[in-house]
Structures are given as structure tokens and as C-alpha cells.
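Quick note on the UniProt record's numbering: the sequence shown kicks off at 1 and runs consecutively.
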Amino acid sequence: MATFDHLDAETAELAERSVDERLASIVSYRFCNYPAADLLLDKLEVLFYNVAPGQQRGMAIFGPSGLGKSWLVKHFAVHTHPLFRTQQGVVVHPVVFVPLPPHFKDIRDLEEVVLNAMGAYRHGWGDDSPRALIQRLAKDMHVRMFIFDDIQHFLLQKRDFRRKLFDWLKYLLNESDITVVIAGLAEVAEYMDKEDQLRTRFETLMLPSWKVGPAFAQFVGNFERTFPLHRSSNLADQKMQRAILTTSRGITRVLVQQLMDASLFAIDQGLERIDDRLLNVSSTHPKVLLRARKRALVAYRKHTLGGTQALLLFPELERELLTLDDDSLSSQLNLNFLEGRDDAAQLSIH
């Protein structure tokens, strides 16, 4: 039995399974931590459990564009404290994640966005005012925290209306005894510094940009340990860190997609590790990568629904899997540069 010391225990077991199962695991949800993320999530957890009346304080999370702020706060809302239903049938929504649109006509627009995030759509409002309904639903659903993402969109509004939007957040924090978290670009921090009423109500956490070093090494290393590749890719090495940051421009969403694409490609083509030249495989071999993505997504749907149920609901899955499997040999690439042979450095399709 092979040993996979570069993988965590669960992924090492998965590495022994079929190609389709391994591909399906690549496209499934994963969360990989790093120091700044750990600090942020710890602070959110403390705020979440601070239920003493009158002691709620907001939190403001800022950082450069593309750093993954939305990913972190949505992870906290959707995966750490998800909506659930009790045995008595009560719907509990502990953390309400509110993505803010770029424009509002009035305060009622903002209140409608919040209500939609709580699952209360317009046809179910009755005669209640939106503000009163938010208060009632928050109590009924045991809401402990609101997270407003893309708070920089408030700054796009006219000056007087912008102040009203921030005043509404202060009202929510003061009157509901529910923690309010805002997340967005660093430019909002400059605005809040000039507003005493905001500065004193929100603790600020500034997330740093990615750079080569221990924090980024931990982040990409954790990803590598969850990809069921048979060989180590050494993503935490400084050379690979630099390559990943260069090709992704330091944008978290882009680099995560690049690593997933490279892993899909490496498994599908039998390479079993990520080389820096695979970071741009979506550009160098788009058709082969799309076939691998399709194979992974079909396998994922079959896996998540259960084989029998999936084929009942989507009978085309069996045909797709057979077709993709038959196509696999015809699309194999000559990638022996990964074996260290410089004479084969240029990718070529047989």
C-alpha cells in the first residue's frame, strides 16, 4: 500500500481511490486556514458568543481587493454557524450574511436587502414596516450576528445618504443587541476614522496582502494536503510561492482556482503533482482542462447525490462518465518535463 506523507490522513485515504472520486474531491468545498484567517475567525467567534445586553460592539474587517475577505466571513456564516431547524421546527439563523449591492435608492432598499438575506421575501412581509420586521425576525430566528459584505459600496452614495446608511448600521447595533460586522476595502477605514460615532463602535481588523513567507506557505501548503495527488508538489517552497503569487496577481480567488485547475489536470493526465508550468494550464491547454473539469463535476454530482439517485435524476451522468473515461487516453499529453527532462519542456499533444 502506497504512503502519502505529503497529505493529511483523510486525503491520503482518498488518494487510494479511483480517478473520478479524486477529481470529485478537488471541486468540493474546502477551507484552508492561515494566521490572519485564524485571528479573524477567533475574533468573530468571541463576538458571536458575547450575548450580554448592551455590550455588543461591531467589527470592521478591511483589506486589499481580492484578498478573500468575503470568502472568510461567508465561511463563518455559512459553514461555521449555518442556518438550521430545531426538532421543534424552529428555524434558527445564527449569522446572517448580507452581500451589499453597489447602489441604493433609499434606506428601504437596504432594509429589503437585509430581509432577503434573512429569507423574508417581499410577498411575506404583510403590514409590518421593514425595520420592524427585521427586529421581529431577528428575535424569532435567534440571530446573533449580521455580516455586511462589500461595505465600500456605501461610499458610492451621495454624502448625506451615505451618512444615513451608516447611521442605520449604528441603529441596528444599538437597538437590537446583535453584533454587526462589516467587511470591505481599506478606503472605508479612512472614512470611519473621521467619524467618531463609527470609530468607537467598531473594532477594526486590517488583513495584510499576500507575500512570500510563512503565512502564505501555510495557506498553499494546507491546500496541497487536501488535494489527493500521489506526489508532493512542494507548494510551500519559496519558488512555488513566487510563481503562484505572480500568476494569480495575489488575488485569492484566482490562486485557489489555479491550484484546483492544476490539480484536476495533474490527476486527469496522470502527472500526480503540480509544477509551476501547470499554474497557467487554463491558457495553455484549455480544452483538456475543460474536459477534466467536466469529468470532475459529473463525478461530484454522482457522488453527492448517491450513484443510484443521481442516475435516476440525471440519467445522462452514466453516459457522460463512460464518454469521458473513453476519451481520457486520446487526450493524454506529453508532459515529461515534470520528470526533469529539459528536452521536453514544451507541452505537446500526441
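For glycine and all other residues, C-beta sits at the position ideal for the given N, C-alpha and C.
Own chain residues within Cβ distance below 7 angstroms of residue i, not counting five before or after
| i | result |
| --- | --- |
| residue 36 | 207, 208 and 215 |
| residue 153 | 100, 101 and 102 |
| residue 176 | 135 and 138 |
| residue 76 | 41, 44 and 95 |
| residue 81 | 48, 94 and 95 |
| residue 164 | 107 |
| residue 90 | none |
| residue 5 | none |
| residue 329 | Note that residue 329 has pLDDT 43, beneath the 50 cutoff, so the model's placement of it is unreliable and no number is given. |
| residue 174 | none |
Same chain, Cβ closer than 6 angstroms to residue i, neighbours up to 5 away in sequence not counted
| i | result |
| --- | --- |
| residue 300 | 24 and 27 |
| residue 34 | 215, 218 and 219 |
| residue 238 | 212 |
| residue 260 | 26 |
| residue 78 | none |
| residue 83 | 93 |
| residue 60 | 182, 202 and 204 |
| residue 10 | none |
CB of residue i within 7 angstroms of CB of residue j, strictly
| i | j | result |
| --- | --- | --- |
| residue 181 | residue 147 | yes |
| residue 192 | residue 198 | yes |
| residue 58 | residue 223 | no |
| residue 213 | residue 236 | no |
| residue 231 | residue 8 | no |
| residue 149 | residue 70 | yes |
| residue 274 | residue 233 | yes |
| residue 117 | residue 92 | no |
| residue 151 | residue 188 | yes |
| residue 251 | residue 168 | no |
| residue 228 | residue 30 | no |
| residue 263 | residue 254 | no |
| residue 183 | residue 73 | yes |
Range covered by the beta strand (DSSP E) that runs through residue i
| i | result |
| --- | --- |
| residue 90 | From DSSP, residue 90 is part of no beta strand (DSSP E); its letter is neither H nor E. |
| residue 184 | 179-185 |
| residue 95 | 95-99 |
| residue 60 | 58-63 |
| residue 147 | 145-149 |
Delimiting residues of the alpha helix (DSSP H) encompassing residue i
| i | result |
| --- | --- |
| residue 265 | 252-268 |
| residue 105 | Looking at the DSSP string, residue 105 is not in any alpha helix (DSSP H), and its letter there is neither H nor E. |
| residue 281 | 281-284 |
| residue 238 | 238-248 |
| residue 140 | 130-140 |
| residue 278 | It is not in any alpha helix (DSSP H) - residue 278 carries neither H nor E in the DSSP assignment. |
| residue 72 | 69-75 |
Residues near residue i in its chain [Cβ-Cβ closer than 8 angstroms; skip 5 each side]
| i | result |
| --- | --- |
| residue 178 | 56, 138, 143, 144, 145, 146 and 172 |
| residue 131 | 111 |
| residue 265 | 271, 278, 281, 285, 288, 289 and 292 |
| residue 158 | none |
| residue 3 | 12 |
| residue 155 | 162, 187, 188 and 191 |
| residue 63 | 69, 185, 186, 206, 207, 208 and 209 |
Inter-residue spacing [alpha-carbon to alpha-carbon] between residue i and residue j
| i | j | result |
| --- | --- | --- |
| residue 302 | residue 194 | 54 angstroms |
| residue 242 | residue 50 | 41 angstroms |
| residue 204 | residue 298 | 43 angstroms |
| residue 14 | residue 295 | 17 angstroms |
| residue 19 | residue 269 | 10 angstroms |
| residue 141 | residue 109 | 22 angstroms |
| residue 304 | residue 166 | 42 angstroms |
| residue 119 | residue 88 | 19 angstroms |
| residue 160 | residue 170 | 15 angstroms |
| residue 276 | residue 39 | 30 angstroms |
| residue 46 | residue 104 | 32 angstroms |
| residue 196 | residue 240 | 45 angstroms |
| residue 32 | residue 129 | 41 angstroms |
| residue 246 | residue 85 | 45 angstroms |
| residue 67 | residue 283 | 23 angstroms |
| residue 200 | residue 257 | 38 angstroms |
Contact with chain B by residue i, beta-carbon distance below 7 angstroms
| i | result |
| --- | --- |
| residue 264 | Judged by its chain identifiers, the structure shown contains no chain B, having just a single protein chain. |
heavy atom of the ligand NAD below 6 angstroms from residue i C-beta
| i | result |
| --- | --- |
| residue 20 | Here there are no bound small molecules, and the ligand NAD is not part of this structure. |
Contiguous beta strand (DSSP E) assignments of at least 3 residues, all confined to the segment 158-222: Taken in chain order, the whole beta strand (DSSP E) runs of length 3 or more contained in the segment 158-222 are 179-185 and 202-206.
Only counting runs of 4 or more residues, tell me where the alpha helix (DSSP H) segments fall wholly within the segment 11-46, in order along the chain. You should have 19-26.
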